[in-house]
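K.L.:
Got a structure here, written out as structure tokens. Questions coming.
Protein chains in written order, with our numbering: chain A, 1 to 139; chain B, 140 to 278.
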């Protein structure tokens, strides 16, 4: 029988999976639905400054999803962190040969996990290399 | 008189400020103290894969703080997000001419806000440009 944490991990994993499905499919309606409606939201797309406020975040997704990356983004190696009413997913994203790391944050709104933050940036490290700590990096 | 949210914002801002003070000063002892001791921790340094687990995260900081960036990292334009027992700071970092964006996540451990995640990556956008949504970016 699953305990509460197991159930929450499955729920958060499902919310994260739905984010990447909507992203990859260019499904703006689903993307709009999965972001929080009551909590403040913010988004850091790769190389961008932070975009804050629901209207600005959704405007950024309209632009991105009108011409979604090809091949479609895929997520890998999700790690789930539960923090009461908030939950975080750290994972890799791949877009063809391009590899990114992502932090996705969710909060509960009326029992449903909704996204409040997405932060992604490029890396040269492939999934399954996460244990190795690179040397000579700046920061 | 400050309400609870105001007090929490001040506490989280102080924890974030202490993170950048320790980082800039190469103060590993302070850096070690401010990361969570009980909760799972993870860190995405710029361009790195996720580093997970306290021992690995601290090993990464020993490497970085043994030769900290010059000039010292500075933080700017902190935005605080309160989520019950978790709190997030999204901010800019500057290291001389280099500009980065960061997501810093904290949880309460025995009433003290401790860091559980740091994710930083480079951007070409300067602080105070955050309202402008760039066009033509991939994602």
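Ideal Cβ positions, reconstructed from N, Cα and C, are used throughout, including at glycine.
Excluding the five sequence neighbours on either side, which residues of its own chain have a C-beta within less than 6 Å of the C-beta of residue 38/A, listed in chain order?
P.N.:
Hits under 6 Å: 109.
K.L.:
Could you tell me the distance, in whole angstroms, from the CA atom of residue 154/B to the CA atom of residue 218/B?
P.N.:
When rounded, the distance between both Cα atoms is 13 Å.
K.L.:
What residues of chain A sit near residue 205/B, judged by a beta carbon separation below 9 Å?
P.N.:
What residue 205/B touches in chain A: nothing, since even the nearest Cβ is about 11 Å away.
K.L.:
Would you be able to state if there are at least three C-beta pairs under 8 Å between the stretch 163 to 180 of chain B and the stretch 197 to 216 of chain B?
P.N.:
Judged by Cβ distances under 8 Å, the stretch 197 to 216 of chain B makes contact with the stretch 163 to 180 of chain B, as three or more pairs qualify.
K.L.:
To the nearest whole angstrom, what separates the beta carbons of residue 189/B and residue 90/A, a pair I think is in contact under 8 Å?
P.N.:
Between residue 90/A and residue 189/B the Cβ distance is about 5 Å, and since that is below 8 Å, they are a contact.
K.L.:
With a cut-off of 8 Å on the beta carbons, I'd call residue 103/A and residue 123/A a contact; round off their distance for me.
P.N.:
Not quite, the Cβ-Cβ distance comes to about 13 Å (not below 8 Å), so this is no contact.
K.L.:
Determine the contact status of residue 215/B and residue 266/B, defining contact as a CB-CB distance below 7 Å.
P.N.:
Cβ distance < 7 Å, so residue 215/B and residue 266/B count as in contact.
K.L.:
Quick check on the burial criterion: 16 or more other C-beta atoms within 10 angstroms. Buried or exposed for residue 121/A?
P.N.:
Counting Cβ neighbours within 10 Å, residue 121/A comes out buried, since at least 16 surround it.
K.L.:
At the 7 Å Cβ level, is residue 176/B part of the contact set with chain A, yes or no?
P.N.:
No, residue 176/B does not count as interfacial toward chain A.
K.L.:
Where does residue 121/A fall in DSSP's three states?
P.N.:
Correct three-state label for residue 121/A: strand.
K.L.:
Compare the C-beta of residue 260/B with all C-beta atoms of chain A and state if any pair is closer than 7 Å.
P.N.:
Closer than 7 Å to some Cβ of chain A, the Cβ of residue 260/B qualifies, so yes.
K.L.:
According to DSSP, simplified to helix, strand and coil, what is residue 104/A?
P.N.:
It is a strand residue.
K.L.:
At least one CB of chain B closer than 7 Å to the CB of residue 85/A: is that the case?
P.N.:
For residue 85/A, the answer is yes, since a Cβ of chain B falls inside 7 Å of its Cβ.
K.L.:
Buried or exposed for residue 172/B, going by 16 or more other Cβ atoms inside 10 Å?
P.N.:
Exposed, because fewer than 16 other Cβ atoms sit within 10 Å of the Cβ of residue 172/B.
K.L.:
List the residues of chain A whose Cβ lies closer than 7 Å to the Cβ of residue 244/B, in chain order.
P.N.:
Neighbours of residue 244/B on chain A, chain order: 88.
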